[in-house]
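Following: one structure in C-alpha coordinates, then a few remarks.
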Amino acid sequence: MPLSKRFGRPLTAVSVAAVGAAFATAPAAQAYDTGHGKISCRAVKVRKSPAKNATALGVAYRGDAIAYDQFAYVKTEKTWYTRGTATRKSDHAKIRGYVFYDCANPFGTDPAPKPPIPK
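Following my numbering, the numbering of the sequence shown begins with -3 at its first residue and continues without gaps.
As C-alpha coordinates, then:
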(Lines of atoms letter the chains of each structure in order from A and count residues from 1; the text may use other names and numbers.)
(Lines give C-alpha, C1' and ligand atoms only; values in the text may rest on other atoms or scores of the structure.)
Protein backbone atom coordinates (compact mmCIF):
# COMPACT_ATOMS: atom_id res chain seq x y z
CA MET A 1 0.00 0.00 0.00
CA PRO A 2 1.47 3.40 -0.94
CA LEU A 3 2.35 5.81 1.85
CA SER A 4 0.00 8.50 0.51
CA LYS A 5 -3.04 6.23 1.01
CA ARG A 6 -1.88 4.83 4.31
CA PHE A 7 -0.69 8.09 5.98
CA GLY A 8 -2.29 10.73 3.74
CA ARG A 9 -4.99 12.02 6.07
CA PRO A 10 -2.94 11.97 9.29
CA LEU A 11 -0.03 13.74 7.61
CA THR A 12 -2.37 16.32 6.08
CA ALA A 13 -3.97 16.97 9.47
CA VAL A 14 -0.55 17.38 11.10
CA SER A 15 0.68 19.76 8.38
CA VAL A 16 -2.50 21.87 8.59
CA ALA A 17 -2.18 21.99 12.38
CA ALA A 18 1.47 23.09 12.08
CA VAL A 19 0.58 25.85 9.62
CA GLY A 20 -2.32 26.96 11.84
CA ALA A 21 -0.02 27.09 14.87
CA ALA A 22 2.44 29.26 12.94
CA PHE A 23 -0.30 31.77 12.14
CA ALA A 24 -1.69 31.67 15.67
CA THR A 25 1.66 32.64 17.19
CA ALA A 26 2.32 35.52 14.79
CA PRO A 27 2.65 38.86 16.64
CA ALA A 28 -0.16 41.40 16.41
CA ALA A 29 2.23 44.28 15.84
CA GLN A 30 4.89 44.63 13.20
CA ALA A 31 8.50 45.27 14.22
CA TYR A 32 10.79 47.41 12.11
CA ASP A 33 14.32 48.71 12.41
CA THR A 34 14.68 51.48 14.92
CA GLY A 35 14.01 54.91 13.45
CA HIS A 36 14.26 58.36 14.93
CA GLY A 37 11.84 61.23 14.82
CA LYS A 38 10.22 63.98 16.85
CA ILE A 39 6.89 64.30 18.62
CA SER A 40 4.59 66.42 16.45
CA CYS A 41 1.64 66.92 18.86
CA ARG A 42 1.58 69.59 21.56
CA ALA A 43 1.59 66.86 24.21
CA VAL A 44 0.96 63.12 24.12
CA LYS A 45 0.73 60.49 26.85
CA VAL A 46 3.19 57.62 26.59
CA ARG A 47 1.22 54.50 27.48
CA LYS A 48 2.17 51.05 28.76
CA SER A 49 0.27 49.21 25.99
CA PRO A 50 -1.39 50.24 22.71
CA ALA A 51 -4.79 51.27 24.06
CA LYS A 52 -6.50 54.55 24.90
CA ASN A 53 -7.26 53.37 28.43
CA ALA A 54 -3.80 51.90 29.17
CA THR A 55 -1.72 53.22 32.06
CA ALA A 56 0.10 56.45 31.22
CA LEU A 57 3.83 56.22 31.96
CA GLY A 58 4.56 59.89 31.24
CA VAL A 59 4.02 62.75 28.83
CA ALA A 60 6.07 63.73 25.78
CA TYR A 61 5.89 67.22 24.26
CA ARG A 62 6.25 68.69 20.76
CA GLY A 63 9.85 68.53 19.59
CA ASP A 64 10.92 65.77 21.98
CA ALA A 65 12.96 63.03 20.34
CA ILE A 66 11.57 59.52 19.89
CA ALA A 67 13.37 56.35 18.82
CA TYR A 68 10.63 54.06 17.51
CA ASP A 69 10.85 50.37 16.69
CA GLN A 70 7.33 49.03 16.30
CA PHE A 71 3.86 49.96 15.07
CA ALA A 72 0.59 48.47 16.31
CA TYR A 73 -2.96 48.73 15.00
CA VAL A 74 -5.84 48.29 17.45
CA LYS A 75 -8.90 47.17 15.48
CA THR A 76 -11.45 47.99 18.17
CA GLU A 77 -10.22 51.61 18.35
CA LYS A 78 -9.30 51.87 14.64
CA THR A 79 -6.09 53.53 15.79
CA TRP A 80 -2.39 53.13 14.97
CA TYR A 81 0.23 53.36 17.73
CA THR A 82 4.00 53.77 17.64
CA ARG A 83 6.18 52.04 20.25
CA GLY A 84 9.44 53.63 21.19
CA THR A 85 11.48 55.60 23.68
CA ALA A 86 10.68 59.29 24.00
CA THR A 87 13.39 61.56 25.40
CA ARG A 88 12.10 64.83 26.85
CA LYS A 89 14.07 68.00 26.19
CA SER A 90 13.14 69.61 29.50
CA ASP A 91 14.58 67.02 31.90
CA HIS A 92 16.12 64.41 29.54
CA ALA A 93 13.81 61.72 30.98
CA LYS A 94 13.45 58.60 28.82
CA ILE A 95 9.96 57.10 28.64
CA ARG A 96 9.43 53.76 26.87
CA GLY A 97 5.93 52.97 25.64
CA TYR A 98 3.23 53.57 23.03
CA VAL A 99 2.05 56.90 21.63
CA PHE A 100 -0.50 57.74 18.96
CA TYR A 101 0.97 57.23 15.49
CA ASP A 102 0.00 60.74 14.37
CA CYS A 103 2.04 62.23 17.24
CA ALA A 104 5.19 60.13 16.77
CA ASN A 105 5.58 61.02 13.18
CA PRO A 106 8.26 58.89 11.49
CA PHE A 107 7.99 60.76 8.17
CA GLY A 108 8.46 64.34 9.37
CA THR A 109 5.11 65.48 8.00
CA ASP A 110 1.85 66.24 9.72
CA PRO A 111 -0.29 64.15 9.45
CA ALA A 112 1.80 61.03 8.91
CA PRO A 113 0.91 58.58 6.15
CA LYS A 114 -0.44 55.46 7.81
CA PRO A 115 0.61 51.87 7.06
CA PRO A 116 -2.06 49.65 5.48
CA ILE A 117 -4.58 48.21 7.94
CA PRO A 118 -3.87 44.53 8.67
CA LYS A 119 -6.57 42.04 7.69
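We put the beta carbon where it would ideally sit given N, CA and C, even for glycine.
Since the model is a prediction, treat every value here as computed from it, not as a measurement.
- prompt: Roughly how many angstroms separate the alpha carbons of Lys90 and Val55, rounded to a whole number?
  reply: Counted from its first residue, the sequence shown places residue 90 at position 94. Counted from its first residue, the sequence shown places residue 55 at position 59. Their backbone Cα atoms lie some 10 Å apart in a straight line.
- request: Provide the residue span of the beta strand (DSSP E) that contains Asp65, from first to last.
  value: Counted from its first residue, the sequence shown places residue 65 at position 69. Unbroken beta strand (DSSP E) run through Asp65: Ala61 to Val70.
- request: Tell me Arg43's beta-bridge partners as DSSP assigns them.
  value: On the sequence shown, position 47 is the one that residue 43 refers to. Beta-bridge pairing links Arg43 to Ala52 and Tyr94.
Ala89 (DSSP reduced to helix, strand or coil): Mapped onto the sequence shown, residue 89 falls at position 93. Three-state result, Ala89: coil.
- prompt: How is Lys74 classed by DSSP in three states: helix, strand or coil?
  reply: In the sequence shown, counting from the first residue as 1, residue 74 sits at position 78. For Lys74, the secondary structure class from DSSP, reduced to helix, strand or coil, is coil.
- prompt: Which of the three DSSP states, helix, strand or coil, is assigned to Lys115?
  reply: Walking along the sequence shown from the start, residue 115 turns up at place 119. DSSP places Lys115 in coil when its eight states are reduced to three.
- request: Helix, strand or coil for Arg79, going by three-state DSSP, please let me know.
  value: Numbered from its first residue, the sequence shown carries residue 79 at position 83. Strand, per DSSP.
query: Thinking C-alpha only, which one of Pro114, Val42, Tyr69 and Glu73 is nearest Arg92?
result: Position 96 of the sequence shown, counted from the first residue, corresponds to residue 92. Comparing Cα positions, the closest option is Val42.
message: With a threshold of 6 Å on Cβ separation, who are the neighbours of Ala17 within its own chain once the five nearest residues in sequence on each side are excluded?
response: Taking the sequence shown and counting its residues from 1, the one referred to as residue 17 is at position 21. Per-residue confidence for Ala17 stands at a pLDDT of 42, beneath the threshold of 50, marking its modelled position as unreliable; the derived number appears in the next sentence. Correct list: empty, nothing qualifies.
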